[in-house]
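Chemist:
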Amino acid sequence: MLRHLSIRDFVIVAALDLEFDSGFTVFSGETGAGKSILIDALALALGARADASVVRTGEARADITAEFETHAQVEQWLDEQAFATPGASGGAVGANGVHGADGVDPHGNTVMLRRVVDANGRSRAFINGTAATLTQLREVGEMLVDIHGQHAHQLLMRPDAQRELFDTHAGLVDKAAAVSRAWRTWRDKMQAVETARTRDRELQLERERLAWQLTELDKLAPQPGEWEEVNAEHNRLSHSANLIDGVQGALNALSESDEAMITHLASIVSKLRDLAEIDPALNDALAALEPAEIQLQEAAYSLSHYAQRLELDPDRLAQIEKRVDALHSAARKFRLQPETLPEEHAARRAQLAALDAAADLESLHAAEAKAKEAYLAEAKLLSKARAKAAKALGSAVTTGMQELSMKGGSFEVALVALPEGGAHGLEQVEFRVAGHAGVPLRPLAKVASGGELARISLALAVIASAASPTPTLIFDEVDTGIGGGVAEVVGRLLHQLGRARQVLCVTHLPQVAARGDHHFQVAKASNKKGGTVSSVTSLDKASRIEEVARMLGGLEITATTRKHAKEMLAA
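In full-length UniProt numbering, the protein residues as written are 1 to 571.
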């Protein structure tokens, strides 16, 4: 269950720390005081979406930390995800040091969920002080808390919401997900068959074109890097005569003629060495010339080595020219750059293989039939489970409707067969209702009034919560649209639910608030800077009387409303 909630700079909440107990806890307060903001803050810690608007005006970030008692499923999940073991020392840091420096309850069996949203909209999540993803935060949050929002009755108008609520209540979420996966696989196989059929002629033409190109490229057999290599060799061979003449001329000038530069430079260096012994001032000039002599000798050696490898080879030149022409011709034919021929050769081979596989209609039909069989097997299992659960839920909601002053009303979960099936199974889930005895059942979205819809939604929420293993249940103004005797029944139902589970409820009804085991009042006021801040107070017996009296009669509390409040709390 939820033990502690710490909120910093969230919307109109500056700083708030709340401790929670088991049982039925209610939150009340004037409209706009920020009752639902507390639920929104907790939802953030559970992985809900957030943006910069949640940060209190003028502050750098909003920071929410929620501490929960764990159970076996949560502890197993934490272990599998490699988060700190609940209660283990080190590593986990709370937002506000609730339990000390390491942020972990030394008594164990707790998990800390933290969410930080910066003013620039950047969001960070932590589980037991370790950075986590929002997906991980949502996964563990779903094992800890179940939130029923104030607009739940409006969602009941949507067919997909009815199906999701029913499957969740019936424990069929995993089965429904398996059906959805099988449907997508079958659909993909059907599309593959259809694509192969409609493109059969196109594929044949494309296959013939690729086969011809591949034959041509197989004959050519271009190699990676070949174009650059043959071009370099062709350039060298076609200019062999010029290269030989030029290199030999350079060698003559450097070392092989009577006027060779190396000979002249060696003579100059020798003379300067003698002169430098007379006047050391010549050493700088000598130092500059000596490396030049060595470099000229190295250049002459390199040119001599190069000249030895040069020769006029007309046959090799003709061979290279033929290869260059072949590569260039193929590139022009296929509208490619010559250097890309090897890669295109491999690509066309792969494309042809893919087309051959895609055109195998027989194997595609077999794969489609197998996928259909797998889908139908999963879908029939889901249908059977839905049929059983539909009767149970219909009976339970009908009973709940009687308690909520819809005498003679009835509720049914209809499973409408779909001729072709679909991603969600072989049937559409449809809620049907009759508001009074003798009235035929009709689709909920067409016949229920706003008040009836609110009561049916509440009955579904209470029934679904009773069947859920989630330890903490939150009802955020789900009693909207009801009052009087119905409100008393709602309060009693939530109080009963709180005997086995921790129940938190934001309410505007005094009949519901009076049934709480614990009562928090939410109020707002102006701060010194002229802004609005929200505060929460845990009410004692006397304060509860005043708050319930306010809820009964408004701001002007009379002796009559105060007496009525005492009677409601004592009941």
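C-beta atoms are modelled at their ideal positions from N, C-alpha and C, and glycine is treated no differently.
1) Using the three-state DSSP reduction, which class does THR195 fall into: helix, strand or coil?
2) Out of ALA221, ALA196, HIS4, state which residue places its alpha-carbon closest to the alpha-carbon of GLU343.
3) Pick out whichever of ARG550, VAL506, ILE127, LEU282 has its Cα sitting closest to the Cα of ASP40.
4) Here's the rule: buried if 16 or more other CB atoms are within 10 angstroms of the residue's CB, otherwise exposed. What is LEU539?
5) Using beta carbons (cut-off 7 Å, strictly below), is TYR301 in contact with chain D?
6) With THR340 as the anchor, note down where its alpha helix (DSSP H) starts and where it stops.
7) Determine the direct distance from the alpha carbon of ALA45 to that of PRO124, and round the result to whole angstroms.
8) Please go through the same chain and pick out, in chain order, the residues whose beta-carbon is closer than 6 Å to the beta-carbon of PHE83, but skip the five residues on each side of it.
9) Can you confirm whether the region 61 to 68 touches the region 547 to 560 when touching is taken to mean that 3 or more C-beta pairs between the two stretches lie within less than 8 Å?
10) DSSP state of MET112, grouped into three classes?
11) Name the DSSP bridge partner or partners of GLY425?
12) Contact defined as beta carbons within less than 8 Å: I believe VAL173 pairs with GLY425. What is the distance between those atoms, to the nearest angstrom?
13) Quick check on GLN502: buried or exposed, where buried means 16 or more other Cβ atoms within 10 Å of its Cβ?
14) Name, in chain order, the residues that DSSP records as bridge partners for THR65.
15) For LYS566, which residues from the same chain have a beta carbon less than 7 Å from its beta carbon, with the 5 sequence-adjacent residues on both sides left out?
16) Near ALA170, which residues of its chain fall below 6 Å by C-beta distance, leaving aside the five closest residues on each side in sequence?
17) Please name the residue, chosen from LEU265, THR215, GLN319, that lies closest to ALA288 on a Cα-to-Cα basis.
18) Looking at ALA379: is its Cβ nearer than 7 Å to the Cβ of THR185?
19) Whole angstroms is fine: what's the gap from GLN297's alpha carbon to PRO280's?
20) For LYS189, count neighbouring C-beta atoms within 10 Å of its own C-beta (all shown protein chains included) and say buried if the count is 16 or more, exposed if not.
21) Using 8 Å as the Cβ pair cut-off and three pairs as the minimum, do the region 404 to 424 and the region 190 to 203 touch?
22) Would you kindly check if the distance between the Cβ of VAL55 and the Cβ of ALA119 is under 7 Å?
23) Should the region 469 to 476 be called in touch with the region 426 to 440, which here means at least 3 C-beta pairs below 8 Å?
24) Just to confirm before moving on: does the CB-CB distance between LEU504 and ILE474 stay below 7 Å?
25) Is it true that the CB of ALA196 sits closer than 7 Å to the CB of LEU361?
26) Let me know if GLY32 comes out buried or exposed under the rule of 16 or more other beta-carbons within 10 Å of its beta-carbon.
27) Given a cut-off of 7 Å on the beta-carbon distance, is the pair LYS175 and LEU418 in contact?
28) Any idea which residues DSSP pairs GLN502 with across the strands?
29) Going by CA-CA distance only, name the one from GLY141, GLN295, ASN283 that's closest to SER255.
30) First and last residue of the alpha helix (DSSP H) that includes ARG209?
31) Give me the residue from LEU205, VAL116, ASP167, SER329 with the minimum Cα distance to LEU217.
32) Below 8 Å on the Cβ atoms is my contact criterion, and I expect ASP9 with GLU59 to pass it. Report the Cβ-Cβ distance as a whole number of Å.
33) Please classify PHE166: does DSSP put it in a helix, a strand, or coil?
34) How far does the beta strand (DSSP E) with THR130 in it extend, from its first residue to its last?
35) Under the assumption that ASP476 contacts ILE147 (Cβ atoms under 8 Å), give the Cβ distance between them as a whole number of angstroms.
36) What does a CB cutoff of less than 6 Å around LEU493 pick up in its chain, not counting 5 residues either side in sequence?
Modeler: Here's the rundown:
1) helix
2) ALA221
3) For ASP40, the nearest C-alpha among the options comes from VAL506.
4) buried
5) Although the question refers to chain D, the structure presented lacks it and comprises just one protein chain.
6) Note, THR340: premise wrong, no alpha helix (DSSP H); not H, not E.
7) Looking at the sequence shown, residue 124 is not Pro but Arg. Using only the alpha carbons, I get a separation of about 10 Å.
8) ILE127, ASN128, THR130
9) At 8 Å Cβ cutoff, the stretches do not touch.
10) Three-state DSSP puts MET112 in a strand.
11) GLY422
12) Not really, about 13 Å apart at Cβ, beyond 8 Å.
13) GLN502 counts as buried, since at least 16 other C-beta atoms from the protein chains shown sit within 10 angstroms of its C-beta.
14) Beta-bridge partners of THR65 (DSSP): SER6, ARG114.
15) ILE545, listed in sequence order.
16) ALA389
17) LEU265
18) no
19) Using only the alpha carbons, I get a separation of about 26 Å.
20) LYS189 comes out buried.
21) no
22) yes
23) no
24) yes
25) yes
26) exposed
27) no
28) THR472
29) GLN295
30) Counting along the chain, the alpha helix (DSSP H) containing ARG209 begins and ends at 200 to 220.
31) Cα-wise, what sits closest to LEU217 is SER329.
32) Right, their Cβ atoms sit about 4 Å apart.
33) helix
34) 130 to 132
35) 7 Å
36) Only VAL462 meet the Cβ criterion.
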